[in-house]
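Counting from 270, one number per residue, gives the positions in the sequence shown under the numbering used here.
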Amino acid sequence: MAVVVAVPHVQLDVPHVPAPVRPVIGAVLEQRRTAEPATVSLPLTKVDANRYFLGEMSVGTPGQAMTVTVDITGPLSYVPSVNCSDPFCTSHKHGELTWAPIVLNPEGWAASVESLAVGETSICSENCFVTAISTTPYFFMSMEAAKAVNDALGGFDIGQPGVAGLDCSTLYTLPTLQVKVSGRTLEMSPLEYTFIYPFGGGVEMCLSGFVGLPDFDDNVTVLGSLFMQKFYTAYDMQNIRVGFADSA
């Protein structure tokens, strides 16, 4: 199977070209603009009974061969590589990464951590796994774990299962979230794991970031973008592990 990639031409502005030359350049640019877009063929390999397709591209100058997944559902292109040495990759963290091994299963992956707790209330104390994703801001966990944590925070029902409101005046007195990874404890303050929604006139609504989901494994916790704002997260596919460091 092959995919055809259209490469559109870009119309250029030429404000500093002398006036007598502009008509000629303008005609050339117009011809390029109206020409058929260039196309290239990319051979694809199907994986897992057509679940997704892989192709090889050359990226950068000089080119680096990358195996990529062709995805037409979004406008962005992500090409991960352990060979990236741009300072941008290291300027957003302080200190060294603390690594957690990844456990693979048919449903996806999860990193093994030692424990999770909010103050004295345990979310998980043994055989604990976390998945760090940026597609949600919340900490997803089982309904039972979320209720225990939110009850300890003084949470109250807002009419949505698994979600708890909080008294905004108490946020500064709430305990910290603690995630123990490979002997290191990652801590978040209550202002970092809660949401504050101002409505004007001094009126605010506060929500807990800990959300319960039905039929969710008691030993698994999803760490959303609230966590990833605080902790730089790196994925090492070669060594099958995920690392955390303080965000810069």
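For glycine and all other residues, C-beta sits at the position ideal for the given N, C-alpha and C.
query                                                                                                                                                         : result
Can you look up T404 in the DSSP assignment and give me helix, strand or coil?                                                                                : coil
Indicate the three-state DSSP secondary structure (helix, strand or coil) for G364 in the structure shown.                                                    : strand
If you draw a straight line from the alpha carbon of S381 to that of L311, how long is it in whole angstroms?                                                 : 38 Å
Under 8 Å, do G488 and F408 count as touching if we go by C-beta distance?                                                                                    : Reading off the sequence, residue 488 comes out as Asn, not Gly. Taking 8 Å as the Cβ cut-off, N488 and F408 do not qualify as a contacting pair.
Taking 8 Å as the threshold (C-beta atoms), are Y462 and G452 in contact?                                                                                     : no
Under 8 Å by Cβ, that's how I've got T502 and V511 pegged, so tell me the actual separation to the nearest angstrom.                                          : 7 Å
When you compare the CB of G431 with every CB in chain C, is at least one pair closer than 8 Å?                                                               : No chain C appears in the structure shown, which is made up of a single protein chain.
Does the segment 385-397 touch the segment 442-449, meaning 3 or more C-beta pairs lie closer than 8 Å?                                                       : yes
Between the beta-carbon of A428 and the beta-carbon of D436, is there less than 8 Å?                                                                          : Contrary to the premise, residue 428 reads as Gly rather than Ala in this sequence. Cβ atoms of G428 and D436: not closer than 8 Å.
Please classify L323 as buried or exposed, where buried requires at least 16 other C-beta atoms within 10 Å of its C-beta.                                    : exposed
Nearest to V337 by alpha carbon, out of Y321, P331 and L460?                                                                                                  : Y321
The beta strand (DSSP E) that contains A503, what's its start and end?                                                                                        : F500 to D505
Smallest Cα separation from Y466: which of P459, L460 and C475?                                                                                               : C475
Express the C-alpha separation of V316 and T404 in angstroms, rounding to a whole number.                                                                     : 24 Å
Can you name, in chain order, every residue of its own chain whose Cβ lies under 6 Å from the Cβ of W368, other than the five neighbours on each side?        : R510 and G512
Report the residue from L443, S411 and T439 whose alpha carbon sits nearest the alpha carbon of V432.                                                         : S411
Quick one: which unbroken beta strand (DSSP E) runs of 3-plus residues sit fully inside the segment 447-486? Chain order, please.                             : 453-457, 463-469, 472-477 and 479-482
Between which residues of its own chain and V290 is the CB-CB distance below 6 Å, once the five residues before and five after are set aside?                 : Low confidence applies to V290: its pLDDT is 44, below 50, so where it sits in the model is not reliable, and the reading given next is rough at best. No residues qualify anywhere along the chain.
CB-CB under 7 Å to F464, same chain, minus the five flanking residues each way: which ones, in chain order?                                                   : C475, L476 and G478
According to the neighbour-count rule (16 or more other Cβ atoms, all chains shown, within 10 Å of its Cβ), is A415 buried or exposed?                        : buried
Going straight from the alpha carbon of K499 to that of T400, what length do you get?                                                                         : 15 Å
Just reading off the alpha helix (DSSP H) that D420 is part of, what are its end residues?                                                                    : M412 to A421
By Cβ distance, which residues of its chain are closer than 8 Å to L495, with the 5 residues on each side in sequence left out?                               : P406, Y407, F408, M457, E461, Y462 and G478
Use the C-beta contact count for G377: other C-beta atoms within 10 angstroms, 16 or more gives buried, fewer gives exposed.                                  : exposed
Check whether the Cβ of A417 lies closer than 7 Å to any heavy atom of the ligand PLP, and answer yes or no.                                                  : Although the ligand PLP was asked about, the structure shown includes no ligands whatsoever.
For Y504, which residues of its own chain have a beta-carbon under 7 Å away from its beta-carbon, when the five flanking residues on both sides are left out? : V511
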